[in-house]
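Everything below concerns the one structure shown next.
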Amino acid sequence: MRPEVLSGLTIVTPSYEKHYQQFARFVASIDSFCLDKSFLTLLVVIETVNRELFSSLCTRHPSVRIRLVTTEAILDSFEIPDSSPAFLNRVGKFTFQTMKKLGGLLRVQDEWALVMDSETLFHKPFSAATLLADYVGQRYVFFTETDPRGARWRDSLGHAVTRNCAEAISASGGDRWYMEYFHWFYEIDKVRELVDHRLSAACWRAIRQGTPGDLFENILFYLFLEKHHSAEYQFIDFHALVQETLPPEISGRMVLSELPFALFGNEYLLNILRPEEVQFLGALFAKYRLPFVRLEPPFLDHRYIIELKKLPSFVATVSSHHFMWLKGRVAICVSGQFRHSVHRTPEHHLRHLAGFLAGVDCDIYVHGWCNTSEAAIIHELQPKAWLFEPRPCFAAIAGRITVHEEKLKPGRDEGSLAMFYGMQRCFELIENTADYDHIVRIRPDICCNSSLKELMFEISDHGDFLPDAVYVPRGFQSKGLNDQFALGGHEVMRTYFRTFDFILENIDKLAFNPEMVLLRNLLENGAQIALLDMPYALMRDEPFRIDSVHHHLHDQEGIWWSRTDQLPVLVDVTAFFSDKLAAAEGILRKVIPNSLVFEHSSSAPYVGQAWIEDYNPDARVIDFKQIAGLHWPVFRAPGWSVKQARTFNFLSKTPSGFHLARWHYDGRRFRREAISGLLPSARAPSRGLARAAYIITEVAKSVRADMVRVLRRLKRVGSRYARLVSRPVP
């Protein structure tokens, strides 16, 4: 069919605020590369609360025709009485997304639509009319057989979704997996037929007021085509097509009984290819004029995009949230001591660093003090640049510190200065930081549970990357911010690495603790803070033996300054750390007493007691309630919800008295409660009674946590038993 026969193409995309930056890049790529924008309409499905945010893209890209459709309007048209959040909670994210996409498709004014995710990116010039004509001329639907996938498949989400979708339209299903190409063109007349006449009454009842099984709109649509319009489409076994068009040494890697293909499918096509092998996709792409591929490579290498762009029909990657890591290489700054109390411990450091960095396209830079392991370090890490130097004397600089921590080990301040000096010198080894979109700081003696690639994928899987944020682990925060690992864009990391310069300029004004000084530098220079779920053991000079790593992990969690803080990850938590730093600096400057009874005289009087233990800025706080003229400590039972709130209390001094910032996190909501103008009081009972109430509360929380763990384990055992007894006997 010639392109001019078709009237237009609408791209339907659901999105939300956490994907706004990615969707904005999607729109910008259309604006840059689409040669016939008048042929194209972009219909985005969003919640009403996000209308203003997404409307800005219409102004920014006036040549791209954008229509906004609200989720609330779609739910109303389907006679679903819930609010958008309530519907999501009731039916789950997959059915929620399915109804959003189907509702968007029903609002398309063209004959054809293309469903794409908000992480899609176009990479070279294209004609929307040609894309559509190439598909309409062949009308192919890819699938793979499910039987070869074995038991893993029968226990998988994909199997359950296929079964649910088949049941929803009274079709047979289960022997084919239709999630085999992110190339979802829809004939709108057929979508209307599916929604209006083929979805069963039982399915609609469950969607409107029950608990439906998980549904995927494309699986619904392809099962519907197979049952009612099979003569109009080609149904092609994608696994057989790969065997036919790719060299056997490559096609043989696509084994349906093995992961990831046992659970997924062609969305992991790039998993079987090295960058230099992408060229072998040429015959496959040419046969059907394939324009898209999911960006899910087995490792991060910027050459994937370069090689994909050489394929004649290729124009875009879908699910491109990992693209941010593929635009160029990552700089890895390794600084610190390769220490060892046991011979050859640095070999453990090097072995683990190599594993930690595996799968990431990176350049390594190393700084350290002159040591006997230099030859091994250079040989194994192959750094792009390195510097080993005699450790300078920092005693004169340390002598200028005016506000110290108490009870420090001898030389602690000099050691902290040496650390920041080494970090900065390592960063300065990079000739041009603009060559790198992202830079990592790491100590060599960290034994991490995750690889760097896994951490990076966790960030991009979650939503938009925070370009002004420094990402650090949740553990080892001490009185400020973790100074042992960090990841961020090159501009914000420049601020991070230049903390030594910041110290030299402000040393007489700083309350000196390494984590506090780092945090002060970042906050004063406008950086944001985000946290990573990154358990690791700090091994220092010990070998990375399994028993030693386990021992360190266990001991770290029992110490307040190294344990993992129960805080939200991958979001901006700068305000939390600002409150924390104010409290920590107040303690070091001795404006916050070790024990304080305070009150607030207002329409709702408040009395409480706080005390500081071991200079921890997270104060212990007990509230009091007045009974019979006396103030009694309030015992707070922890409750039995699975997600128990964690509360942090930060006291700081203000001209009007004391300020208490309370942060509450229950695993979902992170909220701040502030009480200002607190004044010292003598009306409350003794500190001992308050501490007793606090201890009782903590014991109750511990007992509750143990019980919840037991209940979770029983639930898992019950689920496994239910799957076993429901499995058909062969």
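Residues in the sequence shown are numbered consecutively from 91, following our numbering. Every residue, glycine too, gets a C-beta built ideally from N, C-alpha and C.
In the three-state reduction of the DSSP assignment, H528 falls in the strand class. Sequence-distant Cβ neighbours of T100 in its own chain, meaning closer than 6 Å and more than five residues away, are T131, L133, V198, D200, A203.
If you look at H457, you'll find it in the beta strand (DSSP E) that goes 452-459. Counting along the chain, N739 sits inside the beta strand (DSSP E) bounded by residues 736-744. Going by DSSP, V281 is part of the alpha helix (DSSP H) stretching over 278-283.
E209 has its alpha-carbon roughly 27 Å from the corresponding atom of R266.
Q111 and D554 have their C-alpha atoms some 6 Å from each other. Excluding five sequence positions before and after P480, the CB atoms of its chain that fall closer than 8 Å to its own CB belong to W459, C460, given in chain order. Counting along the chain, no beta strand (DSSP E) covers Q369, and no H or E run does either. Secondary-structure assignment with DSSP links F184 through no beta bridge to anything.
In the structure shown, the three-state DSSP call for P387 is coil. Contact fails between the segment 665-673 and the segment 580-590, because fewer than three Cβ pairs, one in each stretch, are under 8 Å apart.
Taking 8 Å as the upper bound for CB-CB distance, V424 and L401 are not in contact here, some 37 Å apart. Here C483 carries a coil assignment [DSSP, helix/strand/coil]. Contact between V205 and I164 fails: their C-beta atoms lie close to 14 Å from each other, not under 8 Å.
The Cβ neighbour count for L349, taken over all protein chains shown within 10 Å, is under 16; the residue is labelled exposed. In this structure, L371 is the residue among I549, L371, V281 with its C-alpha nearest to the C-alpha of E334. For the pair Y526 and R419, the CB atoms are nearer than the 8 Å cut-off. Rounded to whole angstroms, the gap between the alpha carbons of M546 and G698 is 43 Å.
Annotation for L315: Y323 place their beta carbon closer than 6 Å to its own, counting only its chain and skipping 5 residues before and after.
Within a 10 Å sphere around the beta-carbon of V711 sit 16 or more other beta-carbons, which makes this residue buried.
With respect to the 8 Å criterion, I536 and F575 are classified as neighbours on the basis of their beta carbons. R752 sits in a strand when the DSSP states are folded into three classes. In terms of Cβ geometry, H213 and K399 form a close pair [threshold 8 Å]. A Cβ-Cβ distance of about 5 Å is found for the pair L608 and T589, placing them in contact under the 8 Å criterion.
The C-alpha of N140 lies about 40 Å from the C-alpha of F592. Around the beta-carbon of G757, fewer than 16 other beta-carbon atoms lie within 10 Å, marking it exposed.
In the structure shown, L498 adopts coil according to DSSP, grouped into three states. Contact between the segment 491-498 and the segment 464-481 is not established, with fewer than three Cβ pairs separated by less than 8 Å. If only complete runs of 4 or more residues are kept, the segment 618-675 shows the alpha helix (DSSP H) at 636-646, in order along the chain. For L130, the secondary structure class from DSSP, reduced to helix, strand or coil, is strand. The residue from S347, P436, E763 with its alpha-carbon nearest to that of H329 is S347. Counting along the chain, no alpha helix (DSSP H) covers S425; the unbroken beta strand (DSSP E) around it starts and ends at 420-425.
Annotation for L284: F314 place their beta carbon closer than 6 Å to its own, counting only its chain and skipping 5 residues before and after. Counting every other CB atom within 10 Å of its CB across the protein chains shown gives D451 a total of 16 or more, marking it as buried. Between I326 and the set A223, L519, F232, the nearest pair of CA atoms involves F232.
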